[in-house]
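Numbering (this note's numbering), first residue to last: 45 to 484. Even for Gly, the Cβ is constructed at its ideal location relative to N, Cα and C. All figures in this text were calculated on a predicted structure; none of them were measured in a lab. Below: the structure, in C-alpha cells.
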Ligand code: ATP
Ligand code: MG
C-alpha cells in the first residue's frame, strides 16, 4: 500500500476529549472516528488491526471446535419475552419499533436467539456437544460510554454458546473455551488473567473474566503474582481430552484471582504480602456456565440415550475485539506512539523514502516493497514528500514493528536503514540482507 494513495488521517494535536492513552493514540493515528456518542467508524488503519484480532479469535474458536455462524443485530422482542429478560434488561437495551409497530431491539447479546436456533433443529443428544459462535455488533446503551472503543455503545463481540446433555459435558465445553481464551490473548500479545467473576444479568453459577492489568482499567482486581509465569497451552492441545483440559483449568485457577465483586479479603490476606497483586484491569473476555437458565423457559430439549427428554446445559463465552484493540495499546506504547505486537500490526513493515523522486531512493524502495509483498507481507510504503520529521513521527505513531528507511546516500549504495520500532535500534544493511531478515 502506498501512503500517497491510502487514507490515513493523522491528527497533529492531542484530541482534548481523550482521557486515556489508547483513545488518544487511536484518534491521532487515524484509526477510529466517533460518529455519535459511543458509536465509532473504524478507519482503514484501525480496520486492519480489528481484522487481525478477529482472525486470531476465529482461529482459536475453530481450533477448540466451535462453529461459526452469523446472527442479525436486530432481534424480535418476543424471544426476550420468552426468557423473561425483555423487562429485566432495563435501559441498556435499545428498543425499536418497525413499521408494523412490532417491538424489536438491537441485540445486546444473543442467548435467546441462539437458543431459538438450537431448539428448532437439534432434537437428539447425538448432535451434542455443540458450540456455535459469531462475531457481530452489539448495542448497549451504556450510562457512561467512554475511553473510545474501550467502552462504547455499539461494539463488536465474539459470542459463543455451548450446548450439552449434562452438567459434566457443559463443564468440559467451558474448559475448551477457557483454554481457547488463554491461547487467544497470548497470541494477541497480551497477558490476560482469568478471574473468578460475578455472573451478572446473564446469570448462572460458574464464571471467569479475563483481565488485562492496566492502570487505566475500570475493574479493581486482586490476584496472586504467580499468574505471570503460568504456561500458555500449546497449539497441539487436544480439546477432546477431558482430563487434560481440566488439569489446565485447575492450574490456571489454583492461585487467587478475583474481581472486586467476588473478592474475598481473608483469602487474599492469606497470600504472603510480597506475592499480592492489587491492581486495575480491563475485562477483555467473560465466560459463563449457566445450566438450564435459558433452555428451561425456552424449551430447548434433546432426547437422551435413555429415550427421555432433557433440558440442555448451556454456557456463553464473550470476547470484545473492539475493546481489545485499545487494551493492546494500553499494554504496548511509548511516548512516540503505538508499538504493535507483530500478530496484530496493521502492516508487517513500513518502507520510507527520504526523497521521493530520487532515482536511487525510488529504485531501492521499489525493490524492498516488491520483495516483501511477494513474500506475502503487508507493507506500507511512505512515498510522500513530507518532511523527514513528519515521516518519522508518523511511522512511530502508527507503530508498525519495522521501518525500512532509504535516503539518497544509502540508496546510491543499495543500502537501507532498518529500524526496530520497539527498541529504536537501527542497523544499516544491504537490500538483500533486509529482505532476508524480514522474510526468514
Ligand atoms: P463490562 O463489565 O465492561 O460492562 P460486561 O460484563 O457487561 O462488560 P459481557 O456481557 O461479559 O460484558 O460481554 C463480553 C465482552 O464484551 C466483555 O468481556 C468485553 O470484552 C466486551 N464488552 C462488553 N461491553 C462492552 C462495551 N460497552 N464496549 C466494548 N466492549 C464491550
Ligand atoms: Mg462481563
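How is the alpha helix (DSSP H) around residue 291 delimited, first residue to last? 286-296
Cβ of residue 412 within 8 Å of any chain E Cβ: The chain inventory of the structure shown lacks chain E, comprising one protein chain alone.
Opening and closing residue of the alpha helix (DSSP H) in which residue 231 lies: 211-231
Report all residues for which the CB-ligand distance to some heavy atom of the ligand SAM is below 6 Å; order them along the chain. No copy of the ligand SAM appears in this structure; the ligands present are the ligand ATP and the ligand MG.
Quick check: the segment 308-321 against the segment 135-146, are at least 3 beta-carbon pairs closer than 8 Å? no
Is residue 201 near the ligand ATP, in the sense that its beta carbon is under 7 Å from a heavy atom of that ligand? yes
For residue 320, the residue or residues it bridges with in DSSP: 268
Own chain residues within Cβ distance below 8 Å of residue 58, not counting five before or after: 68 and 72
Could you pull the DSSP bridge partners for residue 121 from this structure? Looking at the DSSP assignment, residue 121 forms no beta bridge with any residue, so it has no partner.
What number of angstroms, rounded off, separates the C-alpha of residue 174 from the C-alpha of residue 469? 49 Å
With a threshold of 7 Å, establish whether the CB of residue 340 neighbours any heavy atom of the ligand ATP. no
Could you say which of 217, 368, 298 and 252 lies nearest to residue 268 if we only look at CA atoms? 298
Shortest alpha-carbon distance to residue 291 belongs to which of 215, 270, 303 and 458? 215
For residue 111, count neighbouring C-beta atoms within 10 Å of its own C-beta (all shown protein chains included) and say buried if the count is 16 or more, exposed if not. exposed
Below 8 Å between beta carbons: does that hold for residue 333 and residue 218? yes
Rounded to a whole number of angstroms, what is the C-alpha to C-alpha distance between residue 327 and residue 263? 7 Å
Please report the distance separating the alpha-carbon of residue 323 from that of residue 226. 20 Å
Bridge-paired residues (DSSP) for residue 208: 357
Can you find at least 3 beta carbon pairs, one from the segment 154-171 and one from the segment 114-133, that sit closer than 8 Å? yes
Backbone CA spacing between residue 137 and residue 361 [nearest angstrom]: 20 Å
Could you check the C-alpha separation between residue 92 and residue 354 for me, to the nearest Å? 44 Å
Buried or exposed (CB count within 10 angstroms, at least 16 for buried), residue 472: exposed
Nearest to residue 240 by alpha carbon, out of 430, 265 and 233? 265
Per DSSP, residue 310 forms a beta bridge with which residues? In the DSSP output, where bridge partners are listed per residue, residue 310 has none listed.
So residue 228 packs on residue 181, CB below 8 Å; how close in whole Å? Actually they are not in contact, since the Cβ atoms of residue 228 and residue 181 sit about 20 Å apart, beyond 8 Å.
In the structure shown, what three-state DSSP assignment does residue 374 receive? helix
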